[in-house]
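Some notes on the structure that comes next.
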Amino acid sequence: MDTSEDEPTALVQFEGGPCAVLAPMQAYIIKNIVSNKSVDDDWKKVEADEQNRLLCKAACDILCQATDGCDILKFVQIDDKGVLEHSQFHSMLKVEQVNKDSIETFFNNHISFMRDTFGVLLFLYTVMHSKGLVKLKEEICDLDEPLIDKEFGYGSQCLINMMITGQAVSNVFNNDQVVAGLKLQGIDKQSEVGFLTLLEHLRYCQVGTYLKNPCNPIWVLGSDTHLTVLFSFDQNLVSKETQADIARRTFKLFDQDGNNFISTQNLKPLLEKLDLVSDDEYVNLMSTKLDSEGLGIILMPSFMDEFFSEQETRTPDVFMLFHYNGQPRSNPNSKVTYIEGNAIIQESDVICIVEDNNLQSCLQSKWPYIEVQWKGGVTPSIN
Numbered sequence: 001m002d003t004s005e006d007e008p009t010a011l012v013q014f015e016g017g018p019c020a021v022l023a024p025m026q027a028y029i030i031k032n033i034v035s036n037k038s039v040d041d042d043w044k045k046v047e048a049d050e051q052n053r054l055l056c057k058a059a060c061d062i063l064c065q066a067t068d069g070c071d072i073l074k075f076v077q078i079d080d081k082g083v084l085e086h087s088q089f090h091s092m093l094k095v096e097q098v099n100k101d102s103i104e105t106f107f108n109n110h111i112s113f114m115r116d117t118f119g120v121l122l123f124l125y126t127v128m129h130s131k132g133l134v135k136l137k138e139e140i141c142d143l144d145e146p147l148i149d150k151e152f153g154y155g156s157q158c159l160i161n162m163m164i165t166g167q168a169v170s171n172v173f174n175n176d177q178v179v180a181g182l183k184l185q186g187i188d189k190q191s192e193v194g195f196l197t198l199l200e201h202l203r204y205c206q207v208g209t210y211l212k213n214p215c216n217p218i219w220v221l222g223s224d225t226h227l228t229v230l231f232s233f234d235q236n237l238v239s240k241e242t243q244a245d246i247a248r249r250t251f252k253l254f255d256q257d258g259n260n261f262i263s264t265q266n267l268k269p270l271l272e273k274l275d276l277v278s279d280d281e282y283v284n285l286m287s288t289k290l291d292s293e294g295l296g297i298i299l300m301p302s303f304m305d306e307f308f309s310e311q312e313t314r315t316p317d318v319f320m321l322f323h324y325n326g327q328p329r330s331n332p333n334s335k336v337t338y339i340e341g342n343a344i345i346q347e348s349d350v351i352c353i354v355e356d357n358n359l360q361s362c363l364q365s366k367w368p369y370i371e372v373q374w375k376g377g378v379t380p381s382i383n
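Put into C-alpha cells, the structure is as follows:
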C-alpha cells in the first residue's frame, strides 16, 4: 500500500484488481481526515508518521466493523522477513490472535506488513479470517461466485460491501428483500462511508439510502471495471436517517417495481408500518385526498408532502467535491492527486444526461440535477 509522491495521503494502485481493497481503505483514510480537519486547513500536507497513523486507523475501522462483537481478531502475516516469491506466499502465512482493544497499537507496530509486496492480500485475509468463514458463508448469497475474479482480479460486490460496511452481502439495497420467494440480504444500517455506482444509471441495480446517505460525506464510486472515491468536507451533504428518510424507505417496500407510486390498497399497511394513524375511516379519507383522480394509486411525492413535508432535508445548492483515482494512468500527467470540483444543484425538473460523462452519470444517482466544474476543466475518470 504505497502512497503518492504528489498526494501524501493518497494510495497508489499500480495494477488492475486490488481497488476492491484499496478504494475502501482510501475512503476510510479520508474519513479520518474529514472528521478532524476543515477544507480551510492545510490538510494535504502530512508527514510520514501521520501517513502511517491514518493508514492504521483506516485498517482498524474496516477490520472492527467487519468483526462486530468479536473480542479476538486474527492477524494474518508472513512467517518470513526475507524476499518471498509469489509461489511461496501461501505456504509462509501464519495467524496471530490479537485482542480487539489493542488492535490499533498492533497495526502501528506492524505497519510494514501493509507497505510490503503482499500487503493488500494480507490485510484482506486478516479481515476475512477475523470475520470468520462461517459468517462469510452466511452473508454471501452465491458461494459459487468468487470474491476475486480469477481472470481479471476484480473484487466482487460481496468483497466491496465487506470492506465498506463489514457485511459481505451481494446486494446494495436497504435491508432484506424477498424476490420471487427468495430472501435476498441487503445492507442493514447506515454505513460510515457510502457507495454509488454507474450500474444504477444503467439500471442494473438501485443503491439504497444506507449507502447513498452514509454517516460521512465520502463515497466509493463504482464503474464497470474500477473503484474510485468521492468526498467532501461539507457535512450537510449527509445526515442521520430522519423520519422522512424512514418513510421514503418504507414506501419503497410497497413499491417493489420502483414506479414511485403504490396502490391505494397499500396505504393502510404503509401507515401501520410507520406507526401513523391507520383506522379505516382515516385511511379512506386520505386515499380520496391523495388519489383525487381516482386512479387507484398514490404517488410518493404526494405522500411525503402530506405526512413529512416539514421534515424534508435540503442539500446545499453549492458545495466542493474532491475525487480520487488510485491508478496513475487515469490521472492528469499520471500523478495521483485529489481533483477538486465545484458542484451546483440546478433548479430544474429535467435531468441532463451526458452519455460520455460516466462520473456525472454516477453522481446523478444521488443528486439528479448536479453539475460539477472540475479544476483544470477535465472531468476525472472513474475507470
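The sequence shown begins at 1 in full-length UniProt numbering and counts up by one. For each residue, glycine too, the CB sits at the ideal point set by N, CA and C. Here the structure is a predicted model, which is why all the values come from computation and not from measurement.
Check: Contact belief for V34 with P217 at Cβ below 8 Å, rounded distance in angstroms; Outcome: 7 Å
Check: Sequence-distant residues of its chain with Cβ nearer than 8 Å to K289 (five each side left out); Outcome: E306
Check: Reference L299; option with closest CA among V46, Q51, N260, P269; Outcome: N260
Check: Cβ-heavy atom distance, I29 to the ligand PLP, below 7 Å; Outcome: The ligand PLP is not among the ligands present in this structure, which contains no ligands whatsoever.
Check: Three CB pairs or more closer than 8 Å across the segment 156 to 167 and the segment 93 to 109; Outcome: no
Check: Cutoff 8 Å; reference K74; Cβ partners in own chain excluding five residues on either side; Outcome: V95, E96, Q97, V98, T126, H129, S130
Check: Per DSSP, cross-strand counterpart(s) of S263; Outcome: I297
Check: Distance between G166 and G186 (C-alpha atoms, nearest Å); Outcome: 12 Å
Check: Cα-Cα separation between residue 388 and Q190, rounded to whole angstroms; Outcome: Residue coverage of the chain in this structure runs from 1 to 383, which leaves residue 388 outside it and unanswerable.
Check: For Y324, the residue or residues it bridges with in DSSP; Outcome: V229
Check: Segments of 4+ residues assigned as alpha helix (DSSP H) that fall wholly inside the segment 39 to 122; Outcome: 48 to 66, 103 to 109, 112 to 115
Check: Assigned secondary structure, V127 (DSSP; H/G/I helix, E/B strand, else coil); Outcome: helix
Check: Closest Cα partner of F89 within the set I103, N108, D116; Outcome: D116
Check: Residue from L121, A168, V76, L321 whose Cα sits closest to the Cα of V134; Outcome: A168
Check: Cβ shell of W43 (< 8 Å), same chain only, five flanking positions each side left out; Outcome: I33, K37
Check: Length-filtered (3 minimum) beta strand (DSSP E) runs lying within the segment 328 to 383; Outcome: 339 to 345, 370 to 374
Check: Whole-number beta carbon distance between V220 and A23, since they are thought to touch under 8 Å; Outcome: 5 Å
Check: Limits of the unbroken alpha helix (DSSP H) element including F251; Outcome: 243 to 253
Check: Continuous alpha helix (DSSP H) assignments of at least 4 residues falling wholly in the segment 155 to 216; Outcome: 157 to 165, 198 to 201, 209 to 212
Check: Of the listed residues Q346, I382, N342, nearest to S361 (C-alpha basis); Outcome: I382
Check: Pairwise C-alpha distance: G16 and M114; Outcome: 18 Å
Check: Exposed unless 16 or more other CB atoms sit within 10 angstroms - verdict on H226; Outcome: buried
Check: Alpha carbon of Q26 to alpha carbon of G181, nearest angstrom; Outcome: 38 Å
Check: Spatial distance of F107 from L184 (CA atoms); Outcome: 35 Å
Check: Nearest-angstrom Cβ-Cβ length linking K212 and K366, presumed shorter than 8 Å; Outcome: 5 Å
Check: Buried or exposed by the 16-neighbour rule on C-beta atoms within 10 Å, applied to G296; Outcome: exposed
Check: R248 beta carbon less than 8 Å from that of M286; Outcome: no
Check: Short Cβ contact (8 Å threshold) for I72 with K100; Outcome: yes
Check: Simplified DSSP state of V283, which is helix, strand or coil; Outcome: helix
Check: Exposure of residue 430, with buried meaning 16 or more beta-carbon neighbours within 10 Å; Outcome: No information on residue 430 is available, as it lies outside the stretch 1 to 383 that the chain covers here.
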